[in-house]
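Novice:
In this note's numbering, the protein residues as written are 61 to 457.
1. As a quick exercise: from 106, 74, 92 and 270, pick the residue whose alpha carbon is nearest that of residue 189.
2. Could you tell me if the beta carbon of residue 211 falls within a distance shorter than 7 Å of some heavy atom in the ligand SAH?
3. Mind checking which residues open and close the alpha helix (DSSP H) that includes residue 218?
4. Alpha carbon to alpha carbon, what distance is there between residue 317 and residue 64?
5. Residue 251 lies in the alpha helix (DSSP H); which residues open and close that run?
6. Decide if the segment 196-205 is in contact with the segment 234-252; the criterion is three or more beta carbon pairs, one per stretch, under 8 Å apart.
7. According to the neighbour-count rule (16 or more other Cβ atoms, all chains shown, within 10 Å of its Cβ), is residue 136 buried or exposed?
8. Does the beta-carbon of residue 417 have 16 or more other beta-carbons within 10 angstroms, so that it is buried, or is it exposed?
9. Excluding the five sequence neighbours on either side, which residues of its own chain have a C-beta within less than 8 Å of the C-beta of residue 115, listed in chain order?
10. Is residue 349 helix, strand or coil by DSSP?
11. Rounded to whole angstroms, how far is the Cβ of residue 289 from the Cβ of residue 306, which I believe are closer than 8 Å?
12. Would you list the one or two residues that DSSP bridges to residue 127?
13. Taking the alpha helix (DSSP H) that residue 298 belongs to, which residues open and close that run?
14. Please classify residue 252: is it buried, with 16 or more other beta-carbons within 10 angstroms of its beta-carbon, or exposed?
15. Assuming residue 83 and residue 215 are in contact, meaning their beta carbons sit under 8 Å apart, how far apart are those beta carbons, in whole angstroms?
16. Determine which residues share a DSSP beta bridge with residue 262 and list them.
17. Straight-line CA distance for residue 226 to residue 138?
18. Go through the segment 379-437 residue by residue and report every complete run of the beta strand (DSSP E) that reaches 3 residues or more, in order.
19. Taking the alpha-carbon positions, what's the residue 374 to residue 299 distance?
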C-alpha cells in the first residue's frame with residue numbers, strides 16, 4: 061500500500077476518532093464542567109450525560125437555521141417532520157438542558173461525521189471526485205440518509221442541516237441531478253443575498269468536505285481544493301468560507317502527500333486569512349516552559365483555544381484548529397485528547413484536526429491507536445473498512 065493511501069486511511073480514522081472522543085463533551089464551554097461530569101479529563105470513549113451544563117438546544121430553531129427567537133412563528137418544523145424524526149421532544153423539553161448527543165453510546169460519531177463518512181463511501185466508488193456528478197451523488201445520499209427515519213441516533217442537527225431541509229421540503233427532490241440543481245440554485249441565491257446567514261460561517265463546513273480532499277490526494281492541489289470548496293458552497297453558502305476552506309484543504313492535501321503539519325499549520329496561521337501567528341506564539345512558548353507537567357500544558361492549550369476561538373464561528377475556530385495542529389504536529393494521540401479537553405466546538409474542530417494529525421502520523425511511522433479504531437461503534441467501523449476496501453480496488457488514491 062502506498063504511503064499516500066496509508067495517509068488517507070489514517071486521516072479517515074483520525075477524523076472519526078477525534079469526533080467520537082469529543083462527543084460527550086461537545087460544546088462544553090467551561091472546561092471545569094468536563095472534569096466535574098467525567099471525574100477527570102476525557103481519555104477514552106465515554107457515554108454523554110443526559111443533561112448538558114450549557115445546552116441551548118431548546119433555543120434552537122426547529123424550522124431552519126439559527127435560534128427560534130429569530131424565526132417565523134408559523135414556520136413548519138423540519139425537526140421531527142423531515143429530519144430527526146423522533147427527536148423533536150428533546151428540542152422542546154421544558155427542562156431545557158438536554159445534551160445535544162444524549163442518546164449516543166460511547167464510541168459513536170456525531171451527525172456531521174456520520175454524513176462525512178457516508179460522503180467518503182460514495183466518493184470511494186466514483187471515477188472523478190472533482191466532477192459535478194460526484195457532488196450530486198453525495199447530495200443524493202445525504203438527502204436519503206437525513207430523511208429516512210431511524211437512519212441514525214443523534215439528537216442534534218446544526219443550522220446548515222436545518223436550513224438545507226427547510227428549503228428542500230418545498231419540492232423534495234431526490235434524484236441526484238435534481239438535488240444538485242436545487243442545491244446550486246439555493247447556493248447562488250444565498251451567496252448573492254444582501255445579508256448572509258452567519259450561522260453557516262462555521263467550522264462545521266469541514267467534515268463533509270474532508271472526504272473530497274482525501275479522495276483527491278493524488279490529484280493536483282488545485283483540483284483537491286476546488287473539489288472541497290465547490291461542495292462547501294452547496295452545504296454552507298456563505299461568502300466568508302471559501303478562503304478558509306482553501307487554507308485547510310491545501311494544508312490537508314499537502315500533509316497527505318508527506319508535508320510537515322507543523323509547517324502547514326504555521327503557514328495557515330501566518331496567512332492573511334487568519335493572521336494569528338503572533339498570538340499563537342505566546343501560547344506555544346508558554347506550553348514549552350511547562351516542562352514535564354502535562355496538566356499545566358493542557359491549561360495553556362485551553363487558554364489558547366479560548367482566546368483564539370472556542371465556538372464554531374470563523375475565523376477563530378480555524379485559528380484554534382491550526383494552533384493545535386502546530387502544537388501536536390507529531391503526536392496524534394495527545395493532539396486528539398487535548399482538543400477534546402479544550403471543550404467548545406471540539407467535534408468539528410476535532411474531525412478536521414484528527415484528519416490532519418492522522419495523515420501526518422502515517423508518514424512518520426505512527427498511526428491512530430488500534431484500540432481507538434476498534435472502539436468506534438461497530439457500524440461505523442464496518443463503514444470505514446468498506447471505504448478503505450474500495451480505495452484499494454476502485455480508486456486511484
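From the three backbone atoms N, C-alpha and C, an ideal C-beta is built for every residue, glycine too.
Specialist: The relevant details are as follows:
1. Counting from 1 along the chain shown, the entry for residue 189 is found at position 129. Ranking the options by Cα distance to residue 189, first place goes to 270.
2. Here there are no bound small molecules, and the ligand SAH is not part of this structure.
3. The count along the chain shown starts at 1 and reaches residue 218 at position 158. Residue 218 -> no alpha helix (DSSP H), and no H or E assigned at all.
4. Taking the first residue of the chain shown as position 1, residue 64 is located at position 4. Taking the first residue of the chain shown as position 1, residue 317 is located at position 257. Take the alpha-carbon of residue 64 and the one of residue 317: they are about 6 Å apart.
5. Position 191 of the chain shown, counted from the start, is the residue given in the question as residue 251. In the DSSP assignment, residue 251 falls within the alpha helix (DSSP H) that extends over 236-251.
6. Using a Cβ-Cβ distance cut-off of 8 Å, the segment 196-205 and the segment 234-252 are in contact, since at least three pairs of beta carbons, one from each stretch, lie closer than that value.
7. Taking the chain shown and counting its residues from 1, one reaches residue 136 at position 76. Per the 10 Å Cβ criterion, exposed.
8. Counting from 1 along the chain shown, the entry for residue 417 is found at position 357. With 16 or more Cβ atoms within 10 Å of its Cβ, residue 417 is classed as buried.
9. Counting from one through the chain shown, the residue named residue 115 turns up at place 55. Excluding residues up to 5 positions away in sequence, 87, 156, 157, 158, 159 and 160 lie with their Cβ nearer than 8 Å to the Cβ of residue 115 in the same chain.
10. Sequence index remark: in the chain shown, residue 349 carries index 289 (1-based). Of the three classes helix, strand and coil, the one that applies to residue 349 here is coil, per DSSP.
11. Reading the chain shown from its first residue, position 229 is the one you call residue 289. Reading the chain shown from its first residue, position 246 is the one you call residue 306. About 6 Å; that satisfies the 8 Å criterion.
12. Residue numbering aside, residue 127 sits at position 67 when the chain shown is read from its first letter. BP columns for residue 127 point to 120.
13. Indexing the chain shown from 1 puts residue 298 at position 238. It is not in any alpha helix (DSSP H) - residue 298 carries neither H nor E in the DSSP assignment.
14. Numbered from its first residue, the chain shown carries residue 252 at position 192. It counts as exposed.
15. Within the chain shown, numbered from 1, the residue matching residue 83 stands at position 23. Within the chain shown, numbered from 1, the residue matching residue 215 stands at position 155. So it is not a contact: roughly 11 Å between Cβ atoms.
16. The residue you call residue 262 lines up with position 202 of the chain shown. Answer by DSSP bridge pairing, in chain order: 373.
17. Taking the first residue of the chain shown as position 1, residue 226 is located at position 166. Taking the first residue of the chain shown as position 1, residue 138 is located at position 78. In this structure, the straight-line span from the alpha carbon of residue 226 to that of residue 138 is close to 6 Å.
18. Annotation note: the segment 379-437 contains no uninterrupted beta strand (DSSP E) run of length 3 or greater.
19. Residue 374 sits at position 314 when you count from the first residue of the chain shown. Residue 299 sits at position 239 when you count from the first residue of the chain shown. Those two C-alpha atoms are separated by around 12 Å.
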